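In what follows, a structure is listed as structure tokens, so that the remarks can point back to it.
Protein chains: 2
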Amino acid sequence: MKKETRKQEITRVAAKLFKEKGYTAVTMRDLAAEMGIKAASLYNHIDSKQTILQNIIITIAEDFTNGMQAITSLECSSLQKLEKIIALHIKIATTNANGLAALNSDWMHLKHKLDYYLKLRQDYENNVKHIIQNGIAKHEIKNIDPDVMVFSMLTTLRSLYLWIPKKEIASIEDLKASLTKILLTGINK
Amino acid sequence: MKKETRKQEITRVAAKLFKEKGYTAVTMRDLAAEMGIKAASLYNHIDSKQTILQNIIITIAEDFTNGMQAITSLECSSLQKLEKIIALHIKIATTNANGLAALNSDWMHLKHKLDYYLKLRQDYENNVKHIIQNGIAKHEIKNIDPDVMVFSMLTTLRSLYLWIPKKEIASIEDLKASLTKILLTGINK
DNA sequence: GTCTATACCTGGATAGAC
DNA sequence: GTCTATCCAGGTATAGAC
């Protein structure tokens, strides 16, 4: 593990504050105080508040895109692919819960890269939908409105960042098992 | 339907803007412009930006609390109660999607009533959990970690406001049916 | 009920010393 | 790499005329 650069440290601390109060409500003075320095000093390491947000969000969005690319190229059933998607979300939520919060709550405050983000997000959703549609066609998945399935599954997975930090590390595997059961087989006995 | 007061109109328009940009990013000038008046004029009808947020959030939180109270006092199975909860969320999301957005994204910016809101929210979650635990005890519901079930179900339902405005009014009943199937019986055939 | 004018404060960001 | 000092834009809110 390489030593964290000052820029990375700022990005990490910013993500934590963004999660607590939201991008707009966090001031550069707040961020500086949390780092133990003055606001002006931040600008030796970063260009602007906006680029901090950009770095946080785009990094994660690309992580999801890469993860999805790996999954779609797998030779396996639709249900197995959905399982891999659940695992992908759990992994990213475990690694970077604060960044995910910013992605989920503050993406609309992106400036230059807003369109790029929206495209990555749309592509990702389309991929999930295609997997589900394939599963329906192959009679692996119940014939329910695929849009509702995508919505239900992705909103749960996208909210994991709210929840995972409260769990013990050891129980992440349990969470994965429970969540897979709930999302893929339902709770009705 | 009574005619909307100016205060109600401000609250409604504010909720719409809060949904788009978040509470902190919306200025009183933005709100005034959307109303076609000047910022100073708003203060003849409302006390502060903060009380607008408060009115939006607390009204909805109390709607949920009242709805839950009605459900818990019903004499029916746990699954039927969960179905009623789904219906409650769909109803409120249909009636007031913008207000729900503020509740979900901006509750942390409440000042005086933050603790009150958090209590209502916690009580609500506890009620859902008890219903599920009862269902497990009576073998109506699979024996999966009830916390994960509550999380999965409520995060989906809490996000409905993002989704319902995109649907046709006529398809709300379809949505309810699909969502009930997905949340209560899963998608695995 | 809305306006203009304005008070007062806090935000992001820069300049230049150390 | 961090500091102090500062700029200036834009925020909430009030006073008082119409």
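Same order as they appear, the protein sequences are chains A and B. Residue numbers for the first sequence follow our numbering, so the first one is 526 and each next one is one higher. Residue numbers for the second sequence follow our numbering, so the first one is 526 and each next one is one higher. For glycine and all other residues, C-beta sits at the position ideal for the given N, C-alpha and C. Nothing here was measured: the structure is a model prediction, and the numbers come from that model.
With respect to the 9 Å criterion, A/Y568 and A/H634 are not classified as neighbours on the basis of their beta carbons. Straight across, the Cα-Cα distance linking A/L645 with A/A586 is about 7 Å. Taking 7 Å as the Cβ-Cβ cut-off, the region 646 to 676 of chain B approaches chain A at H664, E665, I666, K667, I669, D670, V673, M674, F676, given in chain order.
For B/M633, at least one C-beta of chain A is nearer than 9 Å to its own C-beta.
A/M560 sits away from A/L607, with the two beta carbons spaced by 9 Å or more.
Here B/I666 carries a strand assignment [DSSP, helix/strand/coil].
In the pairwise beta carbon analysis, the region 657 to 673 of chain A is classified as not touching the region 663 to 672 of chain B: fewer than three pairs are separated by under 8 Å. Within chain A, no residue has its beta carbon less than 9 Å from that of B/I582; the closest one is some 15 Å off. Contact annotation: the region 616 to 629 of chain A touches the region 684 to 701 of chain A, with at least three C-beta pairs closer than 8 Å.
Contact between the region 570 to 581 of chain A and the region 654 to 670 of chain A is absent: fewer than three C-beta pairs spanning the two stretches fall below 8 Å.
The DSSP-derived three-state label of B/G592 is helix.
Short of 8 Å from the beta carbon of A/T681, and not among the five residues preceding or following it, lie these beta carbons of its own chain, in chain order: L704, L708.
Ranked by Cα distance from B/R531, the options B/W632, B/A557, B/S602 are led by B/A557.
The beta carbons of B/L604 and B/I666 sit closer together than 9 Å.
Inter-residue distance for A/Q594 and A/I610 is about 11 Å (C-alpha atoms, whole angstroms). Judged by DSSP in its simplified three-state form, A/A618 adopts helix.
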